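J.:
Chains as they are written, first to last, in our numbering: chain A, 1 to 323; chain B, 324 to 646.
1) Count the C-beta pairs between the segment 634-641 of chain B and the segment 415-430 of chain B that are closer than 8 Å, then say yes if the count reaches three, no if not.
2) Taking a cut of 8 Å between CB atoms, which residues from the segment 342-356 of chain B lie near chain C?
3) Is residue 531 of chain B closer than 8 Å to residue 328 of chain B when the C-beta atoms are compared?
4) Do residue 216 of chain A and residue 583 of chain B have their beta-carbon atoms positioned less than 8 Å apart in this structure?
5) Nearest-angstrom Cα distance between residue 124 of chain A and residue 233 of chain A?
6) Which two residues bound the contiguous beta strand (DSSP E) that contains residue 288 of chain A?
7) Out of B/434, B/444, B/398, state which residue places its alpha-carbon closest to the alpha-carbon of residue 411 of chain B.
8) Taking CB distances under 8 Å as the criterion, tell me whether residue 326 of chain A reaches chain B.
9) What residues in its chain sit with their C-beta under 7 Å from that of residue 468 of chain B, if we drop five residues either side in the sequence?
10) I need the DSSP call for residue 260 of chain A, collapsed to helix, strand or coil.
11) Can you list, in chain order, the residues of the segment 604-620 of chain B whose Cβ is nearer than 9 Å to any Cβ on chain A?
12) Using a Cβ-Cβ cutoff of less than 7 Å, which residues in the same chain neighbour residue 389 of chain B once the five nearest sequence positions on both sides are dropped?
13) Looking at C-beta atoms only, is the number of pairs between the segment 385-399 of chain B and the segment 475-490 of chain B that lie closer than 8 Å three or more?
14) Starting from the Cα of residue 316 of chain A, find the closest Cα among A/271, A/239, A/158, A/8 and give me that residue.
15) From what residue to what residue does the beta strand (DSSP E) around residue 341 of chain B run?
16) Between the alpha carbons of residue 206 of chain A and residue 313 of chain A, how many angstroms are there, rounded?
17) Using a Cβ-Cβ cutoff of 7 Å, what residues of the segment 464-498 of chain B are near chain A? List them in chain order.
18) In chain order, which beta strand (DSSP E) runs of at least 3 residues are fully inside the segment 172-235 of chain A?
19) Counting C-beta neighbours from all protein chains within 10 Å, is the total for residue 425 of chain B 16 or more, i.e. buried, or is it exposed?
20) Since residue 462 of chain B is in the alpha helix (DSSP H), which residue starts that stretch and which ends it?
21) Counting only runs that start and end within the segment 345-390 of chain B, where is the beta strand (DSSP E) found for 3 or more residues in a row?
22) Determine whether the beta carbon atoms of residue 218 of chain A and residue 187 of chain A lie at a separation below 8 Å.
23) So residue 52 of chain A is in the alpha helix (DSSP H); what residue range does that whole segment cover?
24) If you follow the beta strand (DSSP E) that residue 393 of chain B is in, where does it begin and where does it stop?
25) How is residue 644 of chain B classed by DSSP in three states: helix, strand or coil?
26) Please state whether DSSP places residue 1 of chain A in a helix, a strand or coil.
27) What are the complete alpha helix (DSSP H) segments, minimum 4 residues, inside the segment 101-159 of chain A?
28) If the cut-off is 7 Å on Cβ atoms, which residues from the segment 241-258 of chain A count as contacting chain B, listed in chain order?
29) Starting from the Cα of residue 66 of chain A, find the closest Cα among A/129, A/15, A/295, A/4 and give me that residue.
30) Kindly indicate which residue of A/173, A/24, A/157 has the alpha-carbon position closest to the one of residue 120 of chain A.
31) Please determine, among A/112, A/138, A/141, A/139, the residue with the shortest C-alpha to C-alpha distance to residue 127 of chain A.
32) Is there a Cβ from chain A that is less than 8 Å from the Cβ of residue 515 of chain B?
33) Can you list the beta strand (DSSP E) stretches of 3 or more residues lying completely in the segment 34-98 of chain A, in chain order?
34) Would you say residue 97 of chain A and residue 166 of chain A are within 8 Å of each other, going by their C-beta atoms?
35) Please state whether the Cβ-Cβ distance between residue 369 of chain B and residue 549 of chain B is less than 8 Å.
36) Report the CB separation of residue 48 of chain A from residue 57 of chain A in whole angstroms; it is logged as a contact under 8 Å.
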């Protein structure tokens with residue numbers, strides 16, 4: 001379809017566990033349109049990071065593997081293509097910013113060397129030209145006097161600066177899709193605001209798409225065009241941002257939104273979701289939210305619901321919405 | 324005026340920075356620099372700020388977990404000069420809840436041992452039967468049930484472990500509890516359960532909280548008054564609604580504007596701070612916020628502003644803003 005930059009269909013990722021294989025991602029389908037930001041939200045262990053690693057071809061080997069489904073990027077299925085091919089896609093077409101800027105940079109090279117290396121790995125350009133691009137990018141991400149800082153080692157920089165370097169590196173090849181996996185979780189809120197402002201700016205300038213993975217509902221509310229809510233390896237609800245916040249349909253989405261304290265109010269008892277996320281080797285048989293759901297009915301225990309379409313671009317995996 | 328429940332005056336904690344082969348002291352990190360505030364009985368004072376602002380060190384210094392200068396008076400009694408048995412007996416009244424429920428519980432101890440340890444450490448060995456009754460009672464109160472006694476920490480989820488940590492803090496029936504980021508390691512749906520529990524226990528055991536957190540929405544939810552710290556100093560302190568709705572200090576203003584709100588319909592004012600938090604090793608002269616402040620003038624670089632009451636208990640340390 002026109003407009004998609006990537007379309008994930010029925011993706012399954014498995015890992016071995018003591019008894020049987022477990023499926024951190026189980027039948028996930030997602031589309032990301034050109035120029036849009038898709039927010040992927042969920043609690044820890046819901047499979048959101050595994051989805052992005054599969055997309056990057058970076059599942060930890062040999063344990064993790066894709067067990068089914070396809071990832072169509074610009075008309076080509078990325079599942080099963082040769083490593084050398086994938087290496088070309090990575091960085092040039094799809095780039096990723098990881099959660100932890102402290103551990104994602106190599107401490108024994110200067111930040112400049114690392115960005116230049118990334119550029120030269122994908123484009124046949126002379127070093128001086130790569131360096132010019134790197135300085136330019138560092139300036140764009142708001143690093144003061146980039147000509148000087150390009151020679152710094154990562155340990156000389158603060159967390160916010162390092163995350164900017166990561167972003168500069170990810171963007172120096174002008175990828176069409178940027179995967180940002182909890183890009184600001186390790187940073188303070190004033191720095192977080194700077195980084196997101198910057199990412200949105202660059203998205204507009206470069207026309208790229210962003211997959212924003214986070215557990216923070218505030219971040220997706222302010223930055224995403226559409227949101228997918230993930231739980232136990234599945235997408236439970238997908239909707240345009242305003243639609244999801246105005247009328248969350250799935251009891252889990254509603255529970256998530258009700259359980260966050262608001263800056264505007266306060267004092268009353270928070271609504272909370274009872275229980276906890278079930279372990280992947282002991283999931284409920286039917287709906288994966290069964291057991292924590294206050295509105296569960298008879299089929300929920302035994303039969304897993306499919307996604308039901310409810311209005312424009314709004315779908316929900318819950319029997320309550322069966323027509 | 325009679326003695327306030329907790330009065331902290333001119334609290335200072337400087338960490339020496341040593342270098343060279345003789346480890347000569349080259350300077351000090353002023354982690355806590357002249358902090359004063361009071362907390363009333365039954366009140367919850369939220370202490371917020373970005374990483375490195377000194378909020379945790381303040382909490383630890385009050386509980387005598389790290390030596391510090393200044394004065395901490397608890398019901399009129401000076402804590403910082405207590406030693407030996409007197410200190411141990413006083414500790415019964417003030418306890419701490421830690422951030423990380425994975426690191427703060429000894430994996431080789433049963434829940435019974437973990438929770439009863441403060442009893443024997445502070446009150447001496449008691450009758451085992453009596454201790455068991457107390458442990459069972461407090462485990463019921465935190466929602467775990469006496470059945471948890473013989474189990475080990477690994478058998479529990481993050482939220483349940485935090486309940487064990489809370490039970491351990493409350494077993495001596497303290498009057499003051501310092502909670503240092505008690506919910507920031509937890510998932511959103513579980514976070515709400517623990518916040519509700521803390522609020523419920525406050526009523527039930529007539530607790531006073533010093534609630535340290537970086538998450539402003541959580542702080543607004545649970546606190547009566549809030550103090551904002553920046554580079555070791557309190558820059559603003561006010562009843563929570565006044566602080567959140569009518570912040571006086573430019574830093575508080577920027578901090579509040581940076582928090583992403585889970586409400587895509589609300590257009591909020593964009594206010595992006597430039598630059599990073601300066602190093603506490605070499606803080607800016609005068610008002611330490613002046614290099615990042617939009618309203619800074621000459622006086623801000625030379626004179627440290629005093630934390631003054633601007634009416635109705637709304638304190639701010641700024642040369643310019645007036646209530």
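Virtual Cβ for every residue (Gly too), placed ideally from N, Cα, C. Note that the structure is predicted; figures quoted are calculated from it, not measured.
T.: Concretely, from the data shown:
1) no
2) Judged by its chain identifiers, the structure shown contains no chain C, and its protein chains are A and B.
3) yes
4) yes
5) 40 Å
6) Element bounds for residue 288 of chain A: n/a, residue is neither H nor E.
7) B/444
8) Shown here, chain A extends from 1 to 323; a query on residue 326 of chain A therefore has no answer.
9) 462
10) coil
11) 615
12) 336, 380, 383
13) no
14) A/239
15) 329-342
16) 26 Å
17) 480, 482
18) 177-181, 209-214, 226-231
19) exposed
20) 451-464
21) 347-362, 367-371
22) no
23) 48-56
24) 392-397
25) coil
26) Summary for residue 1 of chain A: the model assigns pLDDT 45, below 50, so the residue's position carries little reliability, and this model does not support an answer.
27) 111-122, 127-140, 146-149
28) 241, 242, 245, 255, 256, 257
29) A/15
30) A/173
31) A/112
32) yes
33) 37-41, 65-73, 94-97
34) yes
35) yes
36) Not quite, the Cβ-Cβ distance comes to about 17 Å (not below 8 Å), so this is no contact.
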